[in-house]
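Quick mapping for you: the protein sequence lines, in order, are chains A and B.
Counting with my numbering, you get residues 1110 to 1222 for the letters of the first sequence.
Counting with my numbering, you get residues 2 to 121 for the letters of the second sequence.
Glycine included, C-beta positions come from ideal geometry on N, C-alpha and C.
Fair warning: this is a prediction, and the values are worked out from it, not measured in the lab.
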Amino acid sequence: GENVEQHPSTLSVQEGDSAVIKCTYSDSASNYFPWYKQELGKGPQLIIDIRSNVGEKKDQRIAVTLNKTAKHFSLHITETQPEDSAVYFCAASRGNYGQNFVFGPGTRLSVLP
Amino acid sequence: GAGVSQSPSNKVTEKGKDVELRCDPISGHTALYWYRQSLGQGLEFLIYFQGNSAPDKSGLPSDRFSAERTGGSVSTLTIQRTQQEDSAVYLCASSFLVGTSGSSSTDTQYFGPGTRLTVL
Chain A
1110 GENVEQHPST LSVQEGDSAV IKCTYSDSAS NYFPWYKQEL GKGPQLIIDI
1160 RSNVGEKKDQ RIAVTLNKTA KHFSLHITET QPEDSAVYFC AASRGNYGQN
1210 FVFGPGTRLS VLP
Chain B
2 GAGVSQSPSN KVTEKGKDVE LRCDPISGHT ALYWYRQSLG QGLEFLIYFQ
52 GNSAPDKSGL PSDRFSAERT GGSVSTLTIQ RTQQEDSAVY LCASSFLVGT
102 SGSSSTDTQY FGPGTRLTVL
């Protein structure tokens, strides 16, 4: 089955700097890669996603890149702000139903003012 | 529109008691998932419902755990004879399954706020 690894497990950056979180997956049939942000005491919220026919997607300060050959994808946050502090989860999915979403273990991002 | 809702938000119970956790998915979403998140950990898949199909129960950790989904909408996760290791946040998510002949794909999952279960 699918296995998703995520690095780093914790990340501290200064406000205004960029943050990068990387995930690798094992199932070459995976074709959908969402990123979720989870704030303390809340459920995960989708922040950006990418499908296998696209190499990069950007939404304001957030971007995701995908390398299907190497089976890895990354989340990039530019001009970080204190409110970006949260736990971020990546996931990989084949898109067929069943236990199709496999999540990474999460990255705790701290943006220091 | 309204998002996924879960109740209760917090539940404290004694070891050995049964608990029921409820999830109201987004209206029109055909797929519903339950996950468990232990403190500081990632998301552990428990069970998946899709329309009238048999649920995928492959993630349930023991026969003390069960779930049902009535009328293709509201779902209830039941934990019998709770143990201290059941303490966690239980998250529900829903998504809209899009299907085409010979294939299907699941759209983005939207999560509820979770139920924090504490077993004393």
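Worksheet item: CB Glu1165 of chain A to CB Ser1139 of chain A, shorter than 8 Å?
Response: No, these two residues do not count as a Cβ contact at 8 Å.
Item to complete: Starting from the C-beta of Ser1121 of chain A, find all residues in its chain whose C-beta is less than 7 Å away, skip the five residues before and the five after it, and write them out in chain order.
Response: The residues are Ser1219, Leu1221.
Practice prompt. Return the Cβ separation of Val1113 of chain A and Tyr1134 of chain A in integer angstroms, given the expectation that the two are a contact with Cβ distance under 8 Å.
Written response: Between Val1113 of chain A and Tyr1134 of chain A a beta carbon distance of about 5 Å is seen, short of the 8 Å cut, so the two are scored as contacting.
Worksheet item: Nearest CA to the CA of Ser6 of chain B: which residue from A:Asp1158, A:Asp1136, A:Gly1152, A:Thr1119?
Response: Comparing Cα-Cα distances from Ser6 of chain B to each of A:Asp1158, A:Asp1136, A:Gly1152, A:Thr1119, the minimum goes to A:Gly1152.
Fill in: Contact residues within the region 76-92 of chain B, judged by C-beta distance below 7 Å to chain A
The residues in question are Leu92.
Worksheet item: In terms of residue numbering, what span does the beta strand (DSSP E) encompassing Asp25 of chain B cover?
Response: Annotation: the continuous beta strand (DSSP E) that includes Asp25 of chain B extends over 20-25.
Worksheet item: Hey, how far is the Cα of Lys58 of chain B from the Cα of Gly1125 of chain A?
Response: Cα atoms of Lys58 of chain B and Gly1125 of chain A: separation of roughly 44 Å, rounded to the nearest angstrom.
Worksheet item: Which chain A residues are close to Phe112 of chain B, counting only those with a beta carbon under 9 Å from its beta carbon?
Response: Here the neighbours are Tyr1145, Gln1147, Lys1151, Gly1152, Pro1153, Gln1154, Leu1155.
Item to complete: Could you pull out every residue in the same chain whose Cβ sits closer than 7 Å to the Cβ of Thr101 of chain B, ignoring the five residues on either side in sequence?
Response: Any answer about Thr101 of chain B is weak, because its pLDDT of 43 lies below 50 and its placement is not dependable; what the coordinates show is given next. For Thr101 of chain B, where only same-chain residues beyond five positions count, there are no Cβ hits under 7 Å.
Worksheet entry | Thr116 of chain B: contacting residues in chain A (beta-carbon distance under 8 Å) | Within chain A, no residue comes near Thr116 of chain B; the closest Cβ sits about 10 Å away, beyond 8 Å.
Practice prompt. Report the residue from A:Glu1188, A:Leu1149, A:Lys1180 whose alpha carbon sits nearest the alpha carbon of Ser1202 of chain A.
Written response: Comparing Cα positions, the closest option is A:Lys1180.
Worksheet item: With a CB to CB cut of under 6 Å and the five nearest residues on each side skipped, what residues in its chain are close to Ser8 of chain B?
Response: Within the same chain, Cβ atoms closer than 6 Å to the Cβ of Ser8 of chain B are found at Arg23, the five residues on either side in sequence being excluded.
Practice prompt. Please go through the same chain and pick out, in chain order, the residues whose beta-carbon is closer than 8 Å to the beta-carbon of Gln1147 of chain A, but skip the five residues on each side of it.
Written response: Counting only Cβ-Cβ distances below 8 Å, and skipping sequence neighbours, we find Pro1153, Gln1154, Ala1195, Val1196, Tyr1197, Phe1198, Gly1215.
Discussion item. Quick check on DSSP: helix, strand or coil for Pro1143 of chain A?
Written reply: DSSP, reduced to helix, strand and coil, places Pro1143 of chain A within a strand of the structure shown.
Worksheet item: By a C-beta neighbour count over all protein chains shown, 10 Å radius and 16 as the cutoff for buried, is Ala1200 of chain A buried or exposed?
Response: Classified as buried, Ala1200 of chain A has 16 or more neighbouring CB atoms from the shown chains inside 10 Å of its CB.
Item to complete: May I have the straight-line CA-CA distance separating Val20 of chain B from Arg1170 of chain A, to the nearest angstrom?
Response: Approximately 42 Å, taken between the alpha carbons.
Discussion item. Which runs of the beta strand (DSSP E) at least 3 residues long sit entirely within the region 40-86 of chain B? Give them in chain order.
Written reply: Listed in chain order, the complete beta strand (DSSP E) runs (minimum 3 residues) inside the region 40-86 of chain B are 45-51, 66-70, 76-80.
Worksheet item: So which residues of chain B does Asp1158 of chain A contact, with C-beta pairs closer than 9 Å?
Response: Those within 9 Å of Asp1158 of chain A in chain B are Thr109.
Item to complete: Answer with yes or no whether the minimum CB distance from Gly40 of chain B to chain A is below 8 Å.
Response: The identity of residue 40 of chain B in the sequence shown is Leu, whereas the question assumes Gly. Closer than 8 Å: no.
Practice prompt. Closer than 8 Å by beta-carbon distance: list the chain A residues that pair up with Leu44 of chain B, in chain order.
Written response: Those are Pro1153, Phe1198, Phe1212, listed as they occur along chain A.
Worksheet item: Taking the DSSP output, what are the residues bridged to Leu33 of chain B?
Response: For Leu33 of chain B, the pairing in a beta bridge is given by DSSP as B:Phe50, B:Ser95.
Item to complete: Report the rounded CA-to-CA distance for Gln1115 of chain A versus Asn53 of chain B, giving the unit in angstroms.
Response: In this model, Gln1115 of chain A and Asn53 of chain B are separated by some 35 Å (Cα to Cα).
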